[in-house]
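Some notes on the structure that comes next.
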Ligand SMILES: [Ca+2]
Ligand SMILES: [Ca+2]
């Protein structure tokens, strides 16, 4: 019932922070990057220095018993291989991935990922939303609130006009379109 | 009343798509990247091959009359310089930026950006939200709906259970915390 993080890249530290914030969730990283692996193990984060697209290391970290697999390095081709191996070893596990190049979103899906995001597409959306001002701060807050709906142990008050803004957002008809562009969901069948 | 895109990087194409989707919005790119500039002008996108941290090119693209400035390349130091120049030339213009390295979010704010996002932090959040399944697709849809609340010319119906999901999201108290981590708002005074 643990989460496996395959590969090490720019998104890995934010991913590990998110996992650390979810109390009680166990996780481990598999990467060929020896420098990253050493730094992680100095911070007591379980890490296996091995190729995450090889069968043996994924068996060693008990992929068969994993809750989810997160695949997000700058090398989409290696990500695709890791996804293929993970899917082969565990047909039912939830696999999520980040496509560094937007044109690879569908390839990572076809490799077996359940959901694939494009951080650059997402970043462009949010940045332009912010550029058009006024509502945008609230829209972004909504967005971040929505992205992290499981964390409930903080004391700061949430800005209470988010609901009205969301109403605007869902009033528009673009969700399906954006879903195509940025997040690719494979499992809603 | 136009939008200026300063520099060319991984986020620029998503940014230009967002701008193109907002009918009636005029925009121009300023970049030293000659290959990118040639490709953009082949697509009839107004582009100026010049350093966006120099005063003269920003005067030429009428920064004084701009509605907003978007700064998002992989080089945060150059982004900081472009922000400093833009802010100097137009104290009132809205400036938004993307920090490639998360630790630069506050530096880009101090350089004069009104809002700074960290696409990697955002990507990590969303990916882990997706990894934990179930609600996450909806949370991501909320999030994307929120990020693009101005586009209203599409016909697809929006999934109507978004509102309930947002309720969950805003019910938690993490928005202020996340705001620190991922989006930095300078102007709410
Ligand atoms: Ca990738
Ligand atoms: Ca940057």
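Residue numbers (the working numbering), protein chains in the order written: chain G, 87 to 275; chain B, 87 to 275.
Cβ coordinates follow ideal geometry from the N, Cα and C atoms, glycine included.
Query	Result
Closer than 9 Å, CB to CB, is residue 99/G near chain B or not?	yes
9 Å is my cut-off, CB to CB: does residue 209/G come that close to chain B?	yes
Measuring only between beta-carbons, confirm whether residue 139/G sits less than 9 Å from chain B.	no
Hey, would you say the C-beta of residue 185/B is under 8 Å away from at least one heavy atom of ligand 2?	yes
Measuring straight from C-alpha to C-alpha, what distance separates residue 124/B and residue 118/B?	11 Å
Going by DSSP, which residues form a beta bridge with residue 94/G?	None, per the DSSP bridge assignment.
Output the residue ranges of the alpha helix (DSSP H) runs that lie fully inside the region 89–134 of chain G and measure 4 residues or longer, sorted by chain position.	98–107, 120–128
So what does residue 154/B bridge to, in DSSP terms?	89/B, 180/B
In whole angstroms, what separates the C-alpha of residue 168/G from that of residue 138/G?	5 Å
For residue 112/G, collect the residues of the same chain with a Cβ closer than 6 Å to its Cβ; drop the 5 residues on either side in sequence, then sort them by chain order.	88
Compute the Euclidean distance between the alpha carbons of residue 236/G and residue 108/G, then round it to the nearest angstrom.	A caution first: residue 236/G carries a pLDDT of 30, below 50, which makes its placement in the model unreliable, though a value can still be read off. Each residue's Cα considered, the two are about 8 Å apart.
Please name the residues in the region 171–200 of chain G whose beta-carbon is closer than 7 Å to at least one beta-carbon of chain B, in chain order.	180, 182, 184
Taking residue 130/G as the reference, which of 149/G, 150/G, 114/G, 142/G has the closest Cα?	114/G
Relative to the C-alpha of residue 186/G, which residue among 199/B, 174/B, 95/B is closest?	95/B
Under the assumption that residue 77/B contacts residue 166/G (Cβ atoms under 8 Å), give the Cβ distance between them as a whole number of angstroms.	The first residue shown for chain B is 87 and the last is 275, placing residue 77/B beyond what the model contains.
If the cut is a Cβ gap below 9 Å, which residues of chain B does residue 89/G touch?	214, 217, 218
Keeping to the same chain, check which residues put their C-beta closer than 6 Å to that of residue 262/B; ignore five residues upstream and five downstream.	Reliability of the predicted coordinates at residue 262/B is poor, the pLDDT of 32 falling under 50, and the value obtained from them is presented with this limitation in mind. There are no such residues.
Smallest Cα separation from residue 150/B: which of 179/B, 196/B, 190/B, 133/B?	179/B
Per DSSP, what kind of secondary structure is residue 237/G in: helix, strand or coil?	Interpretation of residue 237/G is limited by its pLDDT of 28, a score under 50 that renders its predicted location unreliable; no figure is taken from the coordinates.
For residue 192/B, name the three-state secondary structure that DSSP assigns.	helix
Compare the C-beta of residue 156/G against all C-beta atoms of chain B and say whether one is closer than 9 Å.	yes
Taking the alpha-carbon positions, what's the residue 134/G to residue 143/G distance?	8 Å
Determine the DSSP secondary structure at residue 174/B, reduced to helix, strand or coil.	helix
What does a CB cutoff of less than 8 Å around residue 170/G pick up in its chain, not counting 5 residues either side in sequence?	139, 197, 198
With distances taken from CA atoms, which of 209/B, 210/B, 152/B is nearest residue 177/B?	152/B
Name the chain G residues whose beta carbon is nearer than 9 Å to that of residue 118/B?	Chain G residues near residue 118/B: none, gap ~20 Å exceeds 9 Å.
So is residue 161/G buried or exposed if we call it buried at 16+ other beta carbons inside 10 Å?	exposed
Cβ of residue 210/G within 9 Å of Cβ of residue 101/B?	yes
Are the C-beta atoms of residue 108/B and some chain G residue less than 9 Å apart?	yes
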